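Student:
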Amino acid sequence: MTVSIVIPNYNGEKLINKNLANVIQVIKGPARIALARNASRNDASGTQSVAGGSSDQRIKEIIIVDDASKDGSIETISKQQTANRNLTIILLQNKKNLGFSSTVNRGIETATGDVVVLLNTDVVPEENFLKAALPHFNDPLVFAVGFLDKSIEGNKTIKRGRGIGYWNRGFVLHKRGEVDQTDTFWVSCGSGAFRRDIWNKLNGLDELYNPFYWEDIDLSYRAQKSGYRIIFEPKSIVIHEHGMGSIKSHYSDKQVTTIAYRNQFYFVWKNITDGNLLLSHFFWLPNHIFHALLVNDTVFFSALFQAILHLPTVILHRRRQKKLYKRSDIELLTSPSEQD
1 MTVSIVIPNY
11 NGEKLINKNL
21 ANVIQVIKGP
31 ARIALARNAS
41 RNDASGTQSV
51 AGGSSDQRIK
61 EIIIVDDASK
71 DGSIETISKQ
81 QTANRNLTII
91 LLQNKKNLGF
101 SSTVNRGIET
111 ATGDVVVLLN
121 TDVVPEENFL
131 KAALPHFNDP
141 LVFAVGFLDK
151 SIEGNKTIKR
161 GRGIGYWNRG
171 FVLHKRGEVD
181 QTDTFWVSCG
191 SGAFRRDIWN
201 KLNGLDELYN
211 PFYWEDIDLS
221 YRAQKSGYRI
231 IFEPKSIVIH
241 EHGMGSIKSH
251 YSDKQVTTIA
261 YRNQFYFVWK
271 NITDGNLLLS
281 HFFWLPNHIF
291 HALLVNDTVF
301 FSALFQAILH
311 LPTVILHRRR
321 QKKLYKRSDI
331 ELLTSPSEQD
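Anchor point for the sequence shown: position 311 equals 311 in full-length UniProt numbering, and the numbering is continuous, going up by one each time.
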């Protein structure tokens, strides 16, 4: 089983400078996945440069996709390529800023491994982090395996990585789940492993969600409705410097909330096929609108307006993916006991 590492980057010079060397060190040692041969190529969507070493029957590659950064990210990555010529480190550069989903999709289009590990620039894996995760892929129905995320938040370290999803007042909501179980509602595209052939069958991340948020929940949900499994593996551990990533650095709280609200609408309109749940959504919508009027929640109305503008695209995506579905919304959204 071969593995590719894909790291999306946007203006992450400081994080790349700090964390990429640590990522390289971890996967140089315990992972023991052989190296790929050197290659160099260009395509219409941007430029690509490769630093690489020996050829082997199995491939180990790190693919960094830069989303048109304006800082010194490219120079920092190039230095790591030069310092690690025995590894295949591929740098892809978007000509313009496309957003998280598009950037990750481009990395996976380039990847050659059977399994693709996605790591954000603010995430560093611990040693042997793949040892417990990879055996799950012996089951051909396993699409994704999520890692235990030791999230550094201020002076606290919170264990994340397992999610719970449930239906409430016309929307799908999610929250952190306890990490002593292996079922999960979604696998994060900032710290997870994904089977590449199933990723391609599902058409990857839906770029409708650009620039960020809800895209990985959407992907996991579509995978499960299509009959595939996703798993949380608490023995696969990463360290996450929460709050250090590009979102909080480059977007205001108002922008982030607007995008999150908009993408919640997208998620329901695109993925929910159960008639009763859809009726529930439209039943509760006037209530949410009235409440937003009372509290002058302009962010809510901005999000709703943006979502309505893209409704034709949402419907198109809904029709395309519906053909793959084998499971119902009720199966996936039955409220677990730990929701309370």
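We put the beta carbon where it would ideally sit given N, CA and C, even for glycine.
These numbers come from a predicted model, not from an experiment.
How about residue 134: is its Cβ closer than 6 Å to a heavy atom in the ligand GTP?
Tutor: As presented, the structure is devoid of all ligands, the ligand GTP included, so that no description of it is given.
Student: Grab me the residues of residue 167's own chain with a C-beta within less than 7 Å of its C-beta, minus the 5 sequence neighbours each way, in chain order.
Tutor: These residues qualify, in order along the chain: 277 and 333.
Student: Rank 142, 99, 181 and 172 by C-alpha distance to the C-alpha of residue 159 and give the top, closest one.
Tutor: Nearest C-alpha to residue 159: 181.
Student: Given residue 328, which residues of its chain have a CB within under 7 Å of its CB, disregarding the five upstream and five downstream residues?
Tutor: Here the set comprises 274.
Student: Can you tell me whether DSSP reads residue 76 as helix, strand or coil?
Tutor: DSSP places residue 76 in helix when its eight states are reduced to three.
Student: Scan the region 106 to 146 and note each continuous beta strand (DSSP E) run of 3 residues or more that stays entirely inside, going in chain order.
Tutor: Entirely contained in the region 106 to 146, the beta strand (DSSP E) runs reaching 3 residues are, in chain order, 115 to 119 and 123 to 125.
Student: Just to confirm before moving on: does the CB-CB distance between residue 115 and residue 193 stay below 7 Å?
Tutor: The answer is yes: Cβ separation under 7 Å.
Student: Check whether the region 168 to 179 touches the region 196 to 203, taking contact to mean three or more Cβ pairs, one atom from each stretch, closer than 8 Å.
Tutor: At 8 Å Cβ cutoff, the stretches do not touch.
Student: Quick check: residue 101 and residue 209, are their CB atoms within less than 7 Å of each other?
Tutor: Result yes, Cβ atoms of residue 101 and residue 209 sit closer than 7 Å.
Student: On the criterion of 16 or more Cβ atoms from any shown chain inside 10 Å, does residue 293 qualify as buried, or is it exposed?
Tutor: Answer is exposed; the Cβ neighbour count stays below 16.
Student: For residue 25, decide whether its Cβ has a neighbour in chain D, counting only Cβ atoms nearer than 7 Å.
Tutor: This model lacks chain D altogether; it includes just one protein chain.
Student: Return the CA-CA distance between residue 202 and residue 13, expressed in angstroms with no decimal places.
Tutor: Their backbone Cα atoms lie some 32 Å apart in a straight line.
Student: Indicate whether residue 187 and residue 230 have their beta-carbon atoms separated by less than 7 Å.
Tutor: Yes, the Cβ-Cβ distance between residue 187 and residue 230 is below 7 Å.
Student: By the 10 Å Cβ neighbour count, where 16 or more other Cβ atoms means buried, how is residue 2 classified, buried or exposed?
Tutor: Classification for residue 2: buried.
Student: DSSP three-state call for residue 57: helix, strand or coil?
Tutor: Below a pLDDT of 50, predicted positions are generally treated as unreliable, and residue 57, at 32, falls in that range; the measurement from the model is reported next regardless. Residue state, collapsed to three classes: coil.
Student: Name the two residues that bound the continuous beta strand (DSSP E) containing residue 230.
Tutor: Here the beta strand (DSSP E) through residue 230 covers 229 to 240.
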